[in-house]
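Trainee: My questions will all concern the structure given below.
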Amino acid sequence: MIRVGAGHDSHRLAAGRPLILGGVRIDHPFGLEGHSDADVVLHAVTDALLSAAALGDIGDLFPDTDSANKDADSSRFLLEACRLLRDRGWSVVNLAVTIFAEVPKLGPLKATIASNVARLLRISHESVSVQAKTGEGVGPVGRRESMECSATVLIERAG
Ligand code: MG
60 MIRVGAGHDS
70 HRLAAGRPLI
80 LGGVRIDHPF
90 GLEGHSDADV
100 VLHAVTDALL
110 SAAALGDIGD
120 LFPDTDSANK
130 DADSSRFLLE
140 ACRLLRDRGW
150 SVVNLAVTIF
160 AEVPKLGPLK
170 ATIASNVARL
180 LRISHESVSV
190 QAKTGEGVGP
200 VGRRESMECS
210 ATVLIERAG
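Per our numbering, the sequence shown starts with residue 60, numbered consecutively.
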């Protein structure tokens, strides 16, 4: 059996916050605001996994009202979602991620982000695609007010 899942997330940019995308810390004067470390990539990927297995969403599992999730490393959310899927017999076939960010230029970082997400998912880096788009100067992404990320995942299990 195969199932597809989709996730999307957005976070506001703010000065003085760390910028962490796909678990990779990026040197940049602006970072993402949020209750956790605001890793917009790992949040979208976590939601894609949960949606593929119809297990709710990241807010159900890790509410922002829980102080345990304050400034949390979002790889913890992803690893927990992976565990839930594995317990139900699911494995990840491939993952496609698109990051929407006006700055910084993410082209040189796409392979590093893909490798780190693949490591967290325990799949081959060839099974993870990371694309980067700008906002062409319009909308909240283009005005450098936010970053967004979309993720699509395919999962499979026997029977
Ligand atoms: Mg989020």
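Even for Gly, the Cβ is constructed at its ideal location relative to N, Cα and C.
Put Thr157 into one of helix, strand or coil per three-state DSSP.
Mentor: As a first step, residue 157 is located in the sequence shown; it is residue number 98 there, counting from the start. Strand.
Trainee: Given this structure, state the Cα-to-Cα distance separating Lys169 from Gln190, to the nearest angstrom.
Mentor: To locate residue 169, count along the sequence shown from 1; it is residue 110. To locate residue 190, count along the sequence shown from 1; it is residue 131. If you take the alpha carbons of Lys169 and Gln190, they lie about 7 Å apart.
Trainee: Quick check: Ile182 and Ile172, are their CB atoms within less than 9 Å of each other?
Mentor: As a working note, residue 182 is residue 123 in the sequence shown. As a working note, residue 172 is residue 113 in the sequence shown. Result no, Cβ atoms of Ile182 and Ile172 do not sit closer than 9 Å.
Trainee: Identify every run of the alpha helix (DSSP H) within the stretch 161-216, keeping only runs that are complete inside it and at least 4 residues long; order them along the chain.
Mentor: 169-180, 198-201
Trainee: For Ala97, write down the residues that DSSP places opposite it in a beta bridge.
Mentor: Along the sequence shown, one-based indexing puts residue 97 at 38. Answer is none; Ala97 lacks a bridge partner.
Trainee: Using a Cβ-Cβ cut-off of 8 Å (strictly less than) and excluding sequence neighbours within five positions of His67, which residues of its own chain qualify?
Mentor: For the purposes of this step, residue 67 is taken as residue 8 along the sequence shown, with counting starting at 1. The answer, listed in chain order, is Ala103, Asp106, Glu207, Cys208, Ser209, Ala210.
Trainee: Near Arg178, what residues of its chain come up, given a Cβ to Cβ distance below 7 Å and the 5 sequence neighbours on each side ignored?
Mentor: To locate residue 178, count along the sequence shown from 1; it is residue 119. None.
Trainee: Considering only C-alpha positions, which residue in the set Arg147, Asn153, Gly198 is nearest to Gly218?
Mentor: Here residue 218 is taken as the residue at index 159 of the sequence shown, counted from 1. Answer by Cα proximity: Arg147.
Trainee: Beta strand (DSSP E) containing Ser69: first to last residue?
Mentor: Start at 1 with the first residue of the sequence shown, and residue 69 comes out as number 10. Secondary structure note for Ser69: its beta strand (DSSP E) is the uninterrupted segment 61-74.
Trainee: Quick one, are the C-beta atoms of Val212 and Asn175 less than 9 Å apart?
Mentor: Stepping through the sequence shown from its first residue, residue 212 is reached at position 153. Stepping through the sequence shown from its first residue, residue 175 is reached at position 116. Contact: no.
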